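Participant:
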Amino acid sequence: MTEPSEESYATDRRADAAAAGDSDADTDGSDAGPSAPESDDLEALRREVEETYDFDDFGPADMAEMSLEEWEAAFDPDTWIVGEELLDRVEQELEARVAIREIFAVVERITEGEDRVVAYSDEGYAVIYDDGSVEGEGTVLRDVKPTVALCSMSDYELMDAPEDASLPEPEEVVEGSGEFGNLMLQIVAGVQILVGVGILIAWLALPSLSTVVAPIASFGFLVIGAFLFFVVANARLSDRFRTEEFRARLRALDAADDEPPEAVAEVMPDADTETDVDGDSAANENENGTETDRTDG
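Letter by letter, the sequence shown follows residues 1 to 297 in UniProt numbering.
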């Protein structure tokens with residue numbers, strides 16, 4: 001399978017499989033169906049595919065590993081969901097996956113003209129049509145394609161999308177998700193340090209503790225306490241780094257939402273036209289309001 005990166009992906013393997021099925025039907029003509037050996041081979045391949053791949057957790061890596069024969073064996077073209085129902089399922093599934101941060105993109109349903117679902121971010125885009133074909137590029141296309149394949153299967157249960165499936169604003173992302181654990185580690189580290197210092201002072205002040213065990217134990221407690229403090233500091237720095245990285249991704253996504261990729265902008269409704277129409281209407285209302293005021297006066 002060829003994985004597109006920079007070029008547009010206009011037809012997926014489902015279209016190829018359907019075309020191959022139509023070609024076989026035209027060629028066979030009056031044949032009632034595949035021969036018994038072919039049917040047995042298909043069933044054996046289908047069982048092998050079901051044992052090899054976990055379709056409850058089917059992702060881009062699994063899709064890339066599947067051969068065309070495995071794809072056709074696993075997915076029966078006669079049972080695929082298409083049309084508006086497919087787009088409804090894809091939209092719900094994508095919104096649910098965005099909510100759990102499995103897919104990082106803006107998801108929109110475009111109903112003007114040809115009905116389609118659009119997902120895009122600063123790292124690519126994907127446009128899903130009602131026949132199941134997908135076009136796009138980048139990581140968004142890679143993440144969306146398996147979702148479309150799963151949603152086209154009638155026996156696949158969709159994820160429940162929350163009421164607010166959108167990503168948070170950059171300012172809403174807070175640090176310190178594991179602060180309670182860090183606090184517990186700090187308490188343990190502090191106790192270790194105090195015990196180590198106490199043993200060291202007692203060894204220096206009390207002649208009865210003139211043994212080599214006391215300073216060794218003191219050193220051990222001090223090392224453990226210092227190590228735990230280091231773990232806490234590293235955890236906080238890592239949390240801060242992840243938070244800033246997530247905020248940066250959200251800001252980049254906001255920028256992509258304001259100025260979608262050129263290919264996405266072509267399939268989006270013309271916002272400029274709507275703005276011009278609204279602006280003209282507002283201007284007419286202002287003019288009418290001014291004339292009315294002058295008449296009343």
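Where is the CB? At the ideal position from N, CA and C, for every residue including glycine.
Since the model is a prediction, treat every value here as computed from it, not as a measurement.
1) Please confirm whether A126 and G136 have their CB atoms less than 7 Å apart.
2) Could you check where the beta strand (DSSP E) with R116 kicks off and where it finishes?
3) Considering only C-alpha positions, which residue in the set L222, A205, G225, I199 is nearest to V213?
4) For L109, report the span of its beta strand (DSSP E) as first-last.
5) Please classify V134 as buried or exposed, where buried requires at least 16 neighbouring CB atoms within 10 angstroms.
6) Taking C-alpha atoms, which residue in R116, S121, T139, D122 lies nearest to D131?
7) Would you give the residue range spanned by the alpha helix (DSSP H) that A161 belongs to?
8) Is the segment 178-190 in contact with the segment 102-119, if contact means three or more CB pairs nearer than 8 Å?
9) Roughly how many angstroms separate the alpha carbons of R47 and D239, rounded to a whole number?
10) Looking at C-alpha atoms only, which residue of F104, K145, T139 is the closest neighbour of F246?
11) Given a threshold of 16 other Cβ atoms within 10 Å of its Cβ, counted over all protein chains shown, does T147 qualify as buried or as exposed?
12) Give the DSSP-derived three-state secondary structure of E244 in the structure shown.
Facilitator: From the atom records:
1) Result yes, Cβ atoms of A126 and G136 sit closer than 7 Å.
2) Its beta strand (DSSP E) spans residues 116-121.
3) The option with the nearest alpha carbon to V213 is I199.
4) Residue identity check: residue 109 is Arg in the sequence provided, not Leu. First-last of the beta strand (DSSP E) with R109: 106-110.
5) Taking a 10 Å sphere around the C-beta of V134, we find 16 or more other C-beta atoms and assign the residue as buried.
6) Scanning R116, S121, T139, D122 for the CA closest to the CA of D131 turns up R116.
7) Careful: A161 lies outside any alpha helix (DSSP H) and carries neither H nor E.
8) No: fewer than three Cβ pairs fall under 8 Å.
9) Cα atoms of R47 and D239: separation of roughly 44 Å, rounded to the nearest angstrom.
10) The candidate whose alpha carbon is nearest that of F246 is F104.
11) Flag for T147 reads buried.
12) In the three-state reduction of the DSSP assignment, E244 falls in the helix class.
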